[in-house]
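Those protein sequence lines, which keep their order, are chains A and B. The numbering of the first sequence is the numbering used here, which starts it at 191 and goes up by one. The numbering of the second sequence is the numbering used here, which starts it at 5 and goes up by one. By construction, the Cβ of each residue, glycine as well, lies at the ideal position given by its N, Cα and C atoms. Note that the structure is a prediction, hence the values are computed from the model and not measured.
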Amino acid sequence: MSSVFTIAGYGFREAVRRKVFAVVVLLTAAFLALFWLANHYVFTRLSTISPPADVHVDTRTFAGAFLLGLAMFATLFLGVVLAVFLTLGVVTGDAERGLLQPLVVRPIGRSTLLLSRFLGAAAVCIVYVLAVYGIALAIIDLTGHWLPPSKVAPGLELAGGVVIVIALSILGSVVLSSTANGIAVFMLFGAGLTAGLLGTIGHALNSHSIEHASKVAAWALPFEALYQDGLRLISSDASGLTGFLLQLGPFGGAYVHGWGIRVWSAGYLCVALALALLAFSRRDL
Amino acid sequence: MAHALAVHALEKRYGSVEALKGVDLAVEEGELVGLLGPNGAGKSTLVKIAVGLVRATRGRAEVVGARAGSRAARAELGYLAELFRFPGWYTADEVLALHQRLTHSTGGAAERKRLLERVALADASDRRVDGMSKGMQQRLGIAQALIGSPRVLVLDEPTSALDPAGRRVVRVLLEELRSHGASVLLNSHLLSEIELVCDRVAILRAGEVVAAGSPAELSRPRGVELETDEGVRTVEGATREDAARLVAEAVAAGRRVYGVRVLTSTLEDTYLEAVGDEVS
């Protein structure tokens, strides 16, 4: 067990020393500052919005859920950037640079080494995602006096989505070079987001084929499904026209959700890690 | 009793390329064995299989009786890779501390200090890796390999980045290790280094062992050179045992003898004969 902590600590130290970590922190600070500004102006002018008398829209809920959805997207995106750059070269990249060989020959086992690197990266990314999500939530609360009905679960689901991306990136790092792996994981991430938006379009157009394609993609790439479920949770008390409008927006519509996808995601994570361990155990270095 | 390190009928294939074609080699307890051969001969592949970085296609490799690559085998090993790097932000002391934790070494600060002294890095314990020269990093790599006093040491090109003074440090260290009973497999291009420190040498060519033995066994007699008042002449085929007789015959013939020298081929000659004209 001490070897796990040693390697996880090694990975953690490596992570926070990388320039990408500083870049992500700076981008995050810039995003949060802009996000605060946006919230300030939106909620200040909320009272000036006056929908027609026969249209019942809860403007505060609509604005809050929409802005928090935006924050969740940014958090997921930045979290994935961090996750990919921390893990894209864990095996092939580190082996090419000669960093891996002195560690692999030690009596800790390849599986311990890989799982420890996963845990190190996951620890950094989970803390990051929860911190950014928490700050975004606090900004909305302070500026708009609005909080979603479910506060913790969406953050956990975002973190879960990023952890799945870490597992996929580590799996890719066993068989692909760093550059190829980075491109592959970002393309998967992009494909997931596109499929999610496609589902929203399918819902708006009442196209069952598009909705079905989106659902298949969500099961195949469950980080997207977890993100969608998180979006669903922050607007689960919005009903009527408010809920309908949120569903139609880019941050609405979870067509795969609930405990089914959470359990599936946990299993998916385990399978991705098991495949990574199997491939690493057979890999010549 | 198990060999310190042994490979039997070892084969390795990379696609259509046969890197090793049934190699047999053993390193006994307390023995220092040198591995020679041109580039692409399969030396690094053999070393990597022995330490568990590469899987053999056929045959087997063992470290102190345990399958190469197994946890038990790795617990007995110290390894310096041909191409390696330590994280640049670690100090020399931190690198060794990390590997102490991974090997469960209980040597603590005293072991780290002793190892850094042995590789002439005593003054660099707080220096970060990215501030070290290539030679210093290589010596740090050797210190890392020695953590926990492993029974078997596998060194892949340990002096490739070292200057003559650094090479001497490593040579003295290897002699010291041998005197303490450590078993070492040394892969090097430097024939003089191998000749000076190794008990036995194996020469690989195209994935096969083409010559093996002690440096003395591999060095064959080339005759005796006699310097007299008639000049210098070489008696081909004569050996050390013939030297006294040849001197006596020359004196009996009225010649003045100024010197006599037994000629043997060097390891370099043997190596070049074994590998042909392949460029190393």
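Exposed unless 16 or more other CB atoms sit within 10 angstroms - verdict on residue i
i	result
residue 460/A	exposed
residue 262/B	exposed
residue 396/A	exposed
residue 161/B	buried
residue 43/B	exposed
residue 455/A	buried
residue 231/A	exposed
residue 136/B	buried
residue 404/A	buried
residue 429/A	exposed
residue 258/B	exposed
residue 62/B	exposed
residue 38/B	buried
residue 292/A	buried
residue 207/B	buried
residue 178/B	buried
residue 239/A	exposed
residue 408/A	buried
Cβ-Cβ distance between residue i and residue j below 7 angstroms
i	j	result
residue 14/B	residue 24/B	yes
residue 467/A	residue 301/A	yes
residue 463/A	residue 363/A	no
residue 425/A	residue 261/A	no
residue 286/B	residue 163/B	This structure cannot speak to residue 286/B, because chain B is shown only from 5 to 284.
residue 274/A	residue 375/A	yes
residue 59/B	residue 297/A	no
residue 166/B	residue 139/B	yes
residue 334/A	residue 233/A	yes
residue 315/A	residue 351/A	no
residue 422/A	residue 447/A	yes
residue 229/A	residue 257/A	yes
residue 187/B	residue 33/B	yes
residue 266/A	residue 311/A	no
residue 198/A	residue 290/A	no
residue 21/B	residue 189/B	no
residue 224/B	residue 269/B	yes
Heavy atom of the ligand SAH within 6 angstroms of residue i beta-carbon
i	result
residue 26/B	Inclusion of the ligand SAH in the displayed structure is not the case, the ligand content being empty and no account of it being possible.
Contact list for residue i against chain A, beta-carbon separation under 7 angstroms
i	result
residue 148/B	292
residue 55/B	295
residue 83/B	295
Run of the beta strand (DSSP E) containing residue i, from where it starts to where it stops
i	result
residue 18/B	9 to 18
residue 187/B	187 to 191
residue 268/B	261 to 268
residue 160/B	156 to 160
residue 94/B	Neither: residue 94/B is in no beta strand (DSSP E) and is coded neither H nor E.
residue 163/B	Counting along the chain, residue 163/B falls outside any beta strand (DSSP E), and DSSP gives it neither H nor E.
residue 37/B	36 to 40
residue 65/B	62 to 67
Element boundaries [alpha helix (DSSP H), containing residue i]
i	result
residue 238/B	Taken as a continuous stretch (DSSP letters only), residue 238/B belongs to no alpha helix (DSSP H), being part of the beta strand (DSSP E) at 235 to 239.
residue 278/B	271 to 279
residue 200/A	192 to 207
residue 264/A	249 to 277
residue 145/B	138 to 149
residue 245/B	No alpha helix (DSSP H) contains residue 245/B, which DSSP labels as neither H nor E.
residue 26/B	Looking at the DSSP string, residue 26/B is not in any alpha helix (DSSP H); the run it does join, the beta strand (DSSP E), is 21 to 31.
residue 216/B	Looking at the DSSP string, residue 216/B is not in any alpha helix (DSSP H); the run it does join, the beta strand (DSSP E), is 212 to 217.
residue 420/A	412 to 424
residue 323/A	300 to 334
residue 347/A	342 to 365
residue 294/A	291 to 294
residue 227/B	Premise fails: residue 227/B lies in the beta strand (DSSP E), 225 to 232, not in any alpha helix (DSSP H).
residue 83/B	Run containing residue 83/B: none in the alpha helix (DSSP H); it sits in the beta strand (DSSP E), 81 to 84.
Within chain A, the residues that residue i reaches when beta carbons sit closer than 9 angstroms
i	result
residue 75/B	297, 298 and 299
Under 9 angstroms by beta carbon: chain B residues contacting residue i
i	result
residue 318/A	Per Cβ cutoff of 9 angstroms: no residues; residue 318/A is ~20 angstroms from chain B at best.
residue 289/A	88, 89, 90 and 91
Chain-ordered neighbours of residue i on chain A, where CB pairs are closer than 8 angstroms
i	result
residue 107/B	296 and 297
residue 79/B	297
residue 59/B	472 and 474
Chain B contact residues for residue i, given Cβ-Cβ distances below 8 angstroms
i	result
residue 307/A	Ordered by position in chain B, no residue passes the 8 angstroms Cβ test against residue 307/A, which lies about 13 angstroms from the chain.
residue 479/A	Summary: the structure shown does not reach residue 479/A, with chain A confined to residues 191 through 475, and so no result is reported for it.
### contact_flag[the region 413 to 428 of chain A, the region 381 to 396 of chain A] where n(CB pairs < 8 angstroms) is 3 or more
yes
#### Entry: Segment contact flag, the region 325 to 344 of chain A with the region 284 to 301 of chain A, C-beta cutoff 8 angstroms, min 3 pairs
no
#### Entry: At least 3 beta-carbon pairs within less than 8 angstroms: the region 296 to 316 of chain A vs the region 90 to 101 of chain B
no
### Message
Does the contact criterion of 3 or more C-beta pairs under 8 angstroms hold for the region 240 to 258 of chain B versus the region 201 to 210 of chain B?
### Response
no
### Message
For the region 191 to 220 of chain A, list every residue whose C-beta sits within 7 angstroms of some C-beta in chain D, in sequence order.
### Response
Chain labels in this structure do not include chain D; the protein chains are A and B.
### Three-pair Cβ contact test at 8 angstroms for the region 54 to 69 of chain B versus the region 78 to 88 of chain B
yes
### Query
For the 8 angstroms Cβ check, are there 3 or more pairs between the region 105 to 122 of chain B and the region 143 to 161 of chain B?
yes
### Query
Do the region 316 to 323 of chain A and the region 342 to 362 of chain A meet, that is, are 3 or more Cβ pairs less than 8 angstroms apart?
yes
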